[in-house]
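Asker: Going line by line, the protein sequences match chains A and B. Last residue of the first sequence: number 296 in this note's numbering, and the count goes up by one each step with no gaps. Last residue of the second sequence: number 476 in this note's numbering, and the count goes up by one each step with no gaps. Every residue, glycine too, gets a C-beta built ideally from N, C-alpha and C. No experiment lies behind these values; they were computed from the predicted model shown.
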Amino acid sequence: MTDETMKKLLEIDNLVAGIGDTRILNGLSLTVGSGEVHAIMGPNGSGKSTLAQIIAGHDAYTVTSGTVTFCGRNLLDLAPEERAREGIFLGFQYPVEIPGVNNAYLLKAALNARLKHEGKKEIDAFEFMKLAREKMSLLDMDPGFLNRGVNEGFSGGEKKRNEILQMAMLEPRLAILDETDSGLDIDALKAVAKGVNSLRHPDRSIVLVTHYQRLLDYIEPDHVHVLSKGRIVRSGDKSLATELEEKGYDWIREAASA
Amino acid sequence: MTAEILDQVSLRSVVTGIPQDALSGLRRHALDSFAKHGFPSTREEDWHYTSLGIAAEISNDWLQGSAGEDVPEHAASAPTDTGIDADWIVVTDGGIDRQALSLLNERLSDGVSILPLSALSSLPDLYIDDSIASFNAALLRDGILVRVAPGVSIERPIGFAILDQAHSSPAVSQVRIVIETGQGAAASFVYVDRSGGGPKRFSTSVVELLLGPDSAIDFLRLQERAESHVHTSQFRASLDAGAVLQHGAIDVGGRLVRNDVHVKLAGPRARASLCGAYFADGQQHVDNHLFADHLVGPAESRQDYRGIAAGRARCIFNGKAVVRPHAGGTDAVQSNHNLLLSENAEIDTKPELEIYADDVKCAHGATVGQLDEKSVFYLRSRGLGRDEAILLLTRAFAANVLGTLPIPAARQYVDRLVERKLDSMIGGSGA
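#1: Are the stretch 446-465 of chain B and the stretch 405-424 of chain B touching, with three or more C-beta to C-beta distances below 8 angstroms?
#2: Helix, strand or coil: which one does DSSP assign to F108/A?
#3: Do you know offhand how far L340/B's Cα is from G287/B's?
#4: Could you check whether the Cβ of F205/B sits closer than 8 angstroms to any Cβ belonging to chain A?
#5: Does P137/A come within less than 8 angstroms of chain B when only Cβ atoms are used?
#6: Looking only at C-alpha atoms, which of G342/B, H330/B, H371/B, G374/B sits nearest to A355/B?
#7: Throw me the rounded Cβ distance for the V308/B and L319/B pair, which I believe falls under 8 angstroms.
#8: Tell me, please, whether the stretch 174-189 of chain A touches the stretch 214-223 of chain A by the rule of three or more beta-carbon pairs shorter than 8 angstroms.
#9: I'd like to know whether the C-beta of R347/B is nearer than 8 angstroms to at least one C-beta of chain A.
#10: What runs of the beta strand (DSSP E), each 3 residues or longer, lie entirely inside the stretch 321-359 of chain B?
#11: With H, G and I counted as helix, E and B as strand and the rest as coil, what does DSSP make of E168/A?
#12: Which residues of the stretch 417-429 of chain B have a Cβ closer than 8 angstroms to any Cβ of chain A? Give them in chain order.
#13: Could you name the residues of chain B that L128/A contacts, counting a contact when the two beta carbons are closer than 8 angstroms?
#14: Who are the neighbours of L437/B on chain A, taking C-beta pairs under 7 angstroms?
#15: Could you tell me the alpha carbon to alpha carbon distance between I222/B and D187/B, rounded to whole angstroms?
#16: Where do the ends of the beta strand (DSSP E) carrying Y236/B lie?
#17: For S243/A, which option in L53/A, S103/A, P133/A, C109/A has the closest C-alpha, if you only look at C-alpha atoms?
#18: For E253/B, which three-state DSSP category applies?
#19: Measure the CB-CB distance between A337/B and Q348/B and report whether it falls below 8 angstroms.
#20: Helix, strand or coil, according to DSSP, for M39/A in the structure here?
#21: Which first and last residues belong to the beta strand (DSSP E) in which E391/B is found?
#22: Out of curiosity, what's the CA-to-CA distance linking H274/B and V378/B?
#23: Rounded to the nearest angstrom, how far is the Cβ of S260/B from that of S278/B, given a contact under 8 angstroms?
#24: Out of D393/B, S387/B, A358/B, R351/B, which has the shortest C-alpha to C-alpha gap to A441/B?
#25: Looking at chain B, is there any beta carbon in it that lies within less than 8 angstroms of the beta carbon of A90/A?
#26: Quick one: which chain A residues come within Cβ less than 9 angstroms of N445/B?
#27: Does any residue of chain B bring its CB to less than 8 angstroms from the CB of L144/A?
#28: Would you say the beta carbon of L310/B comes nearer than 7 angstroms to a heavy atom of the ligand NAP?
#29: Counting only Cβ pairs nearer than 8 angstroms, list the residues of chain A close to F442/B.
#30: State the beta-bridge partners of L68/A as determined by DSSP.
#31: Shorter than 8 angstroms from the beta carbon of H96/A to some beta carbon of chain B?
#32: So what's G233/A in DSSP terms, helix, strand or just coil?
#33: Is any beta-carbon of chain B found at less than 8 angstroms from that of V134/A?
#34: So, is T125/B buried or exposed, given that buried needs 16 or more other C-beta atoms within 10 angstroms?
#35: For a test of the three-state rule: what should DSSP assign to N189/A, helix, strand or coil?
#36: Helix, strand or coil for R425/B, going by three-state DSSP, please let me know.
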């Protein structure tokens, strides 16, 4: 990779997309460089989660025009599992409960899918357990979670921690965390933030999708973008988040329609 | 002439042609009983979804001896590959190896006897009152009677390996097993049902259980017949006071399969648990009819079946519980959940309750659904391929009932059997 493509890990250019006939993204452009932490903020319905789902490859959304490039490759050509194996991770706003599928089994299968894709040796049971315990202690998670069904009966906070655990295990190149802060009490928020911060790395980019500035008190972003009506209407540094917190989203809406 | 009509004249001549033995009287009675019924027609409510036309066709060809074509030997394999630790009794094409049976008999503890029906001086009362059971008895080569004396417990499961290896096609074969437990006795059975050989085979199986007071039976039936074969099975149990029955069933094979499980709760405090799972793809048709008949109370019955259908498969579940007037204190629960893996598969489910007593606790629930696309996407977003995600979710769906099956010694084999089937359903053209 050249320095230039390294810098631009993810490049979204003029993306227009929606569900059925409903347009949600209206020419969205965004560039995320390697090692950067971006926060995407915006009111409900501005298209934040749609953007996250499209990057992960959800087939409910149709892209009408525009491009999404990841490490110089056309991301839109890849199936969701291929994107994951290439190093894209989506932390879900509402992680799915999958009773009967063991948490450890999924973690191991996910990790091995990635390793296999990279031509590396699959992890053995012993190494896996060692790694999982290490990451769990980082997130203050009870190792008992490994033997439970995926998110089965987990509280909201436990589900979000579990997402971060998966992220920690998979060590993605690009992590998109969709409203990871929603529904968390302050202790859970701190634990999740601690986990995310521990994963900050020059080779890993993180996109935080959030409605509130609160999360950004604990995870400090390099860039903040404001999304409104499917487009980025303002970009800035972390001070933009503080400004939003003080003024609310109305002034953005006014600015966008002006 | 509708398709279900069996050639009774040929049947009578074949039955009367069987050399005289201890079962001759039974066959004649059964023949008379069958003459009244014939094969069930789809006009009968219980057979609404399942036509035995193809079974009648195979039987007619076989009875008339017209199409006795040799087929390359393709044997159903012996049960040793199951790894299930059991004392096996092998039934080949409806025939019983009497010598092997007597050797096993010597080995088993006092209080347990396993005898061929043909060796008995007087037969137990065998059920021949419906179409399938009378057809079965009329053409029976031999059967097996298992008696467990009062207070005797058998630790190791007794295995029935039903191996239909017809080297000619068409072929027709029957299995009949009677199990009686004395007061306080306990035994467990695993029934492995396999077939190889020619494309046209119709087989019937009738297993009758008489559970004495406070006795316990675990029974697990694993049906893995060749996917061109037609099979009907009946499992009929009568439970005396305090008796406990745990019945489990897995169906993965067969072209057309009909299973009837009929449990009579005849004594107070009896408990019957009927669990099962059926897996069908391609053109498979699998019909499970369950019936819990609560004659007295308090007593408890549980029906918990799960089904998975792919390809163009069709599955039917009919679970019925009847609570008779003297069965106050009955506790009956029925549950049937189904998963459709393809748009062309079909599942018809019908839980039924008839209650004629007061003070009963009855519940039923049935669902037919598809895999949750949100879960599929979640797993794919973690790097699992689509098929792998579907397999994982389907396995989890089935695991719910597999975990409740009796006979722990068979658990590993059941997992393998199901895994193999799911692989072919999901990996192949099935889904």
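Answerer: So, from the listed chains and residues:
#1: Verdict: no, contact absent.
#2: Locating residue 108/A in the first sequence gives position 70, counting from the first residue. Looking at F108/A - three-state DSSP - the assignment turns out to be strand.
#3: Taking the second sequence and counting its residues from 1, the one referred to as residue 340/B is at position 295. Taking the second sequence and counting its residues from 1, the one referred to as residue 287/B is at position 242. Taken atom to atom, the span from the alpha-carbon of L340/B to that of G287/B is near 14 angstroms.
#4: As a position in the second sequence, residue 205/B is number 160, starting the count at 1. By this cut-off, F205/B is not an interface position.
#5: Here residue 137/A corresponds to residue number 99 of the first sequence, with the count starting at 1. Between P137/A and chain B, the shortest Cβ-Cβ separation is below 8 angstroms.
#6: By 1-based counting over the second sequence, the position of residue 355/B is 310. Looking from the CA of A355/B, the closest CA among G342/B, H330/B, H371/B, G374/B belongs to H330/B.
#7: To locate residue 308/B, count along the second sequence from 1; it is residue 263. To locate residue 319/B, count along the second sequence from 1; it is residue 274. Right, their Cβ atoms sit about 7 angstroms apart.
#8: With a cut-off of 8 angstroms, the stretch 214-223 of chain A and the stretch 174-189 of chain A do not count as touching, because too few Cβ pairs lie within range.
#9: Along the second sequence, read from residue 1 onward, the residue named residue 347/B stands at position 302. Not an interface residue.
#10: With a minimum length of 3 residues, the unbroken runs of beta strand (DSSP E) contained wholly in the stretch 321-359 of chain B fall at 330-339, 345-354.
#11: For this step, residue 168/A is matched to residue 130 along the first sequence. Just to set this straight, residue 168/A is Lys in the shown sequence, not Glu. In this structure, K168/A counts as helix in the three-state DSSP scheme.
#12: Against chain A - using a Cβ distance shorter than 8 angstroms - the residues of the stretch 417-429 of chain B are D417, K419, S420, F422, Y423, L424, R425, S426, R427, G428, L429.
#13: What you label residue 128/A is simply residue 90 of the first sequence in a count that begins at 1. Chain B residues near L128/A: S426.
#14: Counted from its first residue, the second sequence places residue 437/B at position 392. By Cβ distance, chain A contributes V139.
#15: Stepping through the second sequence from its first residue, residue 222/B is reached at position 177. Stepping through the second sequence from its first residue, residue 187/B is reached at position 142. Their backbone Cα atoms lie some 9 angstroms apart in a straight line.
#16: Counting from one through the second sequence, the residue named residue 236/B turns up at place 191. Y236/B -> beta strand (DSSP E) spans 231-240.
#17: Working through the first sequence from its first residue, we reach residue 243/A at position 205. Among L53/A, S103/A, P133/A, C109/A, the Cα nearest to that of S243/A is on C109/A.
#18: Looking up residue 253/B in the second sequence gives position 208. Three-state DSSP puts E253/B in a strand.
#19: In the second sequence, counting from the first residue as 1, residue 337/B sits at position 292. In the second sequence, counting from the first residue as 1, residue 348/B sits at position 303. Their beta carbons are under 8 angstroms apart, which means A337/B touches Q348/B by this criterion.
#20: Indexing the first sequence from 1 puts residue 39/A at position 1. Only weak support exists for where M39/A lies, its pLDDT of 45 falling under 50; the coordinates are left without a value.
#21: The sequence position of residue 391/B within the second sequence is 346, counting from 1. Counting along the chain, E391/B sits inside the beta strand (DSSP E) bounded by residues 391-400.
#22: In the second sequence, the residue the question calls residue 274/B occupies position 229. In the second sequence, the residue the question calls residue 378/B occupies position 333. If I take the Cα positions, the gap works out to 33 angstroms.
#23: Locating residue 260/B in the second sequence gives position 215, where the first residue counts as 1. Locating residue 278/B in the second sequence gives position 233, where the first residue counts as 1. The pair is not a contact, with the Cβ atoms about 23 angstroms apart (cut-off 8 angstroms).
#24: Here residue 441/B refers to the residue found at position 396 when the second sequence is read from its first residue. Of all alpha-carbon atoms in D393/B, S387/B, A358/B, R351/B, the one lying nearest the alpha-carbon of A441/B is that of R351/B.
#25: Looking up residue 90/A in the first sequence gives position 52. No, no contact with chain B.
#26: In the second sequence, counting from the first residue as 1, residue 445/B sits at position 400. By Cβ distance, chain A contributes P137, G138.
#27: Taking the first residue of the first sequence as position 1, residue 144/A is located at position 106. Answer yes: the Cβ-Cβ gap between L144/A and chain B drops below 8 angstroms somewhere.
#28: The ligand NAP is absent from the structure shown, which contains no ligand whatsoever.
#29: Stepping through the second sequence from its first residue, residue 442/B is reached at position 397. Neighbours of F442/B on chain A, chain order: G138.
#30: Sequence index remark: in the first sequence, residue 68/A carries index 30 (1-based). Looking at the DSSP assignment, L68/A forms a beta bridge with I50/A.
#31: As a first step, residue 96/A must be located in the first sequence, where it is residue number 58. Yes, H96/A lies at the interface with chain B (some Cβ there is under 8 angstroms from its Cβ).
#32: Position 195 of the first sequence, counted from the first residue, corresponds to residue 233/A. In the three-state reduction of the DSSP assignment, G233/A falls in the helix class.
#33: Position 96 of the first sequence, counted from the first residue, corresponds to residue 134/A. So, interface residue.
#34: Here residue 125/B corresponds to residue number 80 of the second sequence, with the count starting at 1. So T125/B counts as exposed.
#35: Here the question's residue 189/A lines up with position 151 in the first sequence. Three-state result, N189/A: coil.
#36: Start at 1 with the first residue of the second sequence, and residue 425/B comes out as number 380. Here DSSP, grouped into helix, strand and coil, assigns R425/B to helix.
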